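Q: Residue numbers (my numbering): 42 to 190. A single structure is presented below for examination.
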Amino acid sequence: MVNKSLPKQVQAFLNGQDFDQKKELAMYFVTVDDEGFPYKAMISVGEVIALDETTLRIALWEHSKSASFTKQEKKATLFLVLPPTAYDLQLTVTYVRTEAGQVIFEGALKQVKVDEAPYATIVSSVQCRFKEEQQTVQQWSMKHKLLKK
42 MVNKSLPKQV QAFLNGQDFD QKKELAMYFV TVDDEGFPYK AMISVGEVIA LDETTLRIAL
102 WEHSKSASFT KQEKKATLFL VLPPTAYDLQ LTVTYVRTEA GQVIFEGALK QVKVDEAPYA
162 TIVSSVQCRF KEEQQTVQQW SMKHKLLKK
């Protein structure tokens, strides 16, 4: 199924709140490299916020390949799994600014692909554990201040 606005479950996940409850779920941010191949970066809820039902703000590390490819291509897909559903958020991306080592982008939602199979149930997402959890959550708070500016 294809939508043009964020499903409520995705909006709630990307609302910039309750990091402690969401910190172990990672997402794939996919751009296209110089040779036309998909280029994947793993990002977390601390690096993305839903401003409304059709707009995301994303913070990428300033010198990362993902930031460079996103600036060049102006397109990206954010892939996330919130069991039992997988979502592909296709974005048209605009550079906003660079600040505090972060490149801030605004993503206008082009479409959302909602993926569920009638013969199987998605039971987990990409998960991670941070070595310095408290420091990571503090960094996310700083990044979200940048994203909301």
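Heads up, the beta-carbon is just placed ideally off N, CA and C, and yes, glycines get one too. Please read these numbers as outputs of a predicted model, since none were measured by experiment.
In the DSSP assignment, find the alpha helix (DSSP H) that holds Ala82 and state where it starts and stops.
A: Taking the first residue of the sequence shown as position 1, residue 82 is located at position 41. No alpha helix (DSSP H) holds Ala82; the beta strand (DSSP E) holding it covers Pro79 to Ser85.
Q: Return the residue from the list Glu103, Ala108, Lys63 and Arg138 that minimises the CA-CA distance to Lys81.
A: Here residue 81 is taken as the residue at index 40 of the sequence shown, counted from 1. The candidate whose alpha carbon is nearest that of Lys81 is Ala108.
Q: What did DSSP end up calling Phe110 once you bin it into helix, strand or coil?
A: Within the sequence shown, numbered from 1, the residue matching residue 110 stands at position 69. Helix at Phe110.
Q: With three or more beta-carbon pairs closer than 8 Å as the criterion, would you say the region 50-58 touches the region 75-91?
A: yes
Q: DSSP has Asp156 in a bridge; who is on the other side?
A: By 1-based counting over the sequence shown, the position of residue 156 is 115. Paired residue(s): Ala127.
Q: Quick check: the Cα distance between Glu140 and Ala158, rounded to an integer number of angstroms?
A: Position 99 of the sequence shown, counted from the start, is the residue given in the question as residue 140. Position 117 of the sequence shown, counted from the start, is the residue given in the question as residue 158. So the two alpha carbons sit approximately 41 Å from each other.
Q: Please confirm whether Asp61 and Val178 have their CB atoms less than 8 Å apart.
A: Residue mapping note: residue 61 aligns to position 20 of the sequence shown, counting from 1. Residue mapping note: residue 178 aligns to position 137 of the sequence shown, counting from 1. Contact: yes.
Q: Would you please verify whether the beta carbon of Gln52 is less than 8 Å from any beta carbon of chain B?
A: Although the question refers to chain B, the structure presented lacks it and comprises just one protein chain.
Q: Alpha carbon to alpha carbon, how far is Gln180 from Leu130? Give it in angstroms, no decimals.
A: Along the sequence shown, read from residue 1 onward, the residue named residue 130 stands at position 89. Along the sequence shown, read from residue 1 onward, the residue named residue 180 stands at position 139. Whole-angstrom Cα-Cα distance: 24 Å.
Q: Which residues does DSSP list as the beta-bridge partners of Trp102?
A: Your numbering for residue 102 matches position 61 in the sequence shown. Partner(s): Gln143.
Q: So for Thr133, helix, strand or coil by DSSP?
A: On the sequence shown, residue 133 is found 92 positions in, with the first residue counted as 1. Strand, per DSSP.
Q: Grab the span of the beta strand (DSSP E) containing Asp93 for me, first residue to last.
A: Locating residue 93 in the sequence shown gives position 52, where the first residue counts as 1. Residues Val89 to Asp93.
Q: Can you have a look at Thr118 and say buried or exposed, based on whether 16 or more other CB atoms are within 10 angstroms of its CB?
A: Locating residue 118 in the sequence shown gives position 77, where the first residue counts as 1. When all chains shown are included, Thr118 counts as buried.
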